[in-house]
Amino acid sequence: MDKSIASNGIALLLIALGVFLDGALGTIVLSTGLFALSGGVTNWLAIHMLFERIPGLYGSGVIPLRFEEFKVGIRELIMEQFFDRIDLESFLGSADSGDKSSMGERVATELGKSLDAVDLDTAFDRLLDVILASSFGGMLGMLGGRDALAGLREPFIAEMKEYLASQFSPEQLQQRVEAMLTGGEGTVSVRGKLEEMIDGRLNEMTPEIVKVVIQNMIKKHLGWLVVWGAVFGGVIGFGVSIFEILMLA
Numbered sequence: 001m002d003k004s005i006a007s008n009g010i011a012l013l014l015i016a017l018g019v020f021l022d023g024a025l026g027t028i029v030l031s032t033g034l035f036a037l038s039g040g041v042t043n044w045l046a047i048h049m050l051f052e053r054i055p056g057l058y059g060s061g062v063i064p065l066r067f068e069e070f071k072v073g074i075r076e077l078i079m080e081q082f083f084d085r086i087d088l089e090s091f092l093g094s095a096d097s098g099d100k101s102s103m104g105e106r107v108a109t110e111l112g113k114s115l116d117a118v119d120l121d122t123a124f125d126r127l128l129d130v131i132l133a134s135s136f137g138g139m140l141g142m143l144g145g146r147d148a149l150a151g152l153r154e155p156f157i158a159e160m161k162e163y164l165a166s167q168f169s170p171e172q173l174q175q176r177v178e179a180m181l182t183g184g185e186g187t188v189s190v191r192g193k194l195e196e197m198i199d200g201r202l203n204e205m206t207p208e209i210v211k212v213v214i215q216n217m218i219k220k221h222l223g224w225l226v227v228w229g230a231v232f233g234g235v236i237g238f239g240v241s242i243f244e245i246l247m248l249a
């Protein structure tokens, strides 16, 4: 069972039990359940607001809203890796007298290596900056801040590498590069077309795709935030009810 549903369900059971119990015990159980539910639901809503735009709630849907910044960051990382790896001017010089097929294969291979070498740690850090700057940041700060999301780093990198590999298949890249080389275009033109090709693939990365990729892995790890929200809320509710009983005694 989902951890979030389980913790909030237990809180609801405590509320129901508290309603039927009489005296001080009923007050304690009811207060504990109410505070636990409020803590759990608040944290669940905060996680939900990272991905979904809720009318009237400022800061909701922060990941889709900041999607373009995220995509630009990925593009810069790919371009930096690729054009650092390959000297287009000397490469095109050798391509004039060489086999276009092998040259196309080489460029496709280098781009594939560039994708493998993309510093997705930096992309993940940028994602964390977005999350911590959102309305969720303050709540996350009470539960460890950036460290609370450290467990997402490896799943994020694995998911993004898999997605990028699916978008840049070697066969398609080789065909596109061979067509450019056959056209006898200059360095500037080829570089521009390579950038257009990469941009075209990245443009297929929609906010919905990124949201699903990130949402799936975050739900696995951040479900505990809902559980701990319910636990801390329950402890506070228990303490408040005990204090009230002592004050009235």
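Read in order, the letters of the sequence shown are residues 1 to 249 in this note's numbering. Yeah, the Cβ is synthetic: ideal placement off N, Cα and C, and Gly gets one too.
Determine the direct distance from the alpha carbon of residue j to that of residue i, and round the result to whole angstroms.
i, j, result
"A11", "A230", "7 Å"
"D116", "M205", "18 Å"
"E69", "W224", "28 Å"
"E110", "I198", "13 Å"
"D129", "L149", "11 Å"
"E159", "E244", "50 Å"
"P155", "L13", "34 Å"
"F232", "T42", "12 Å"
"Y163", "G18", "49 Å"
"V227", "E76", "38 Å"
"F124", "K113", "20 Å"
"A24", "G234", "16 Å"
"Q167", "Q175", "15 Å"
"G56", "L50", "14 Å"
"E80", "D2", "41 Å"
"M247", "S241", "10 Å"
"I209", "I236", "39 Å"
"V212", "T122", "20 Å"
"E196", "G9", "51 Å"
Just curious, the alpha helix (DSSP H) that residue i is in, first and last residue?
i, result
"A46", "G23 to F51"
"E204", "Neither: E204 is in no alpha helix (DSSP H) and is coded neither H nor E."
"G56", "Run containing G56: none; DSSP gives neither H nor E here."
"R126", "L120 to L132"
"L20", "Note that residue 20 corresponds to Phe in the displayed sequence, not to Leu. Element bounds for F20: K3 to F20."
Under 7 Å between the Cβ atoms of residue i and residue j?
i, j, result
"W44", "S7", "no"
"I15", "L34", "yes"
"L132", "I157", "no"
"S60", "R53", "yes"
"L259", "K71", "Any property of residue 259 remains undetermined from this structure, which presents the chain solely from 1 to 249."
"V118", "I78", "yes"
"G73", "R153", "no"
Quick check on residue i: does DSSP put it in helix, strand or coil?
i, result
"G151", "helix"
"L111", "helix"
"R66", "coil"
"F168", "coil"
Check: Are the segment 38-54 and the segment 21-30 touching, with three or more C-beta to C-beta distances below 8 Å?
Finding: Fewer than three beta-carbon pairs drawn from the segment 38-54 and the segment 21-30 are found closer than 8 Å, and the two stretches are therefore not classed as touching.
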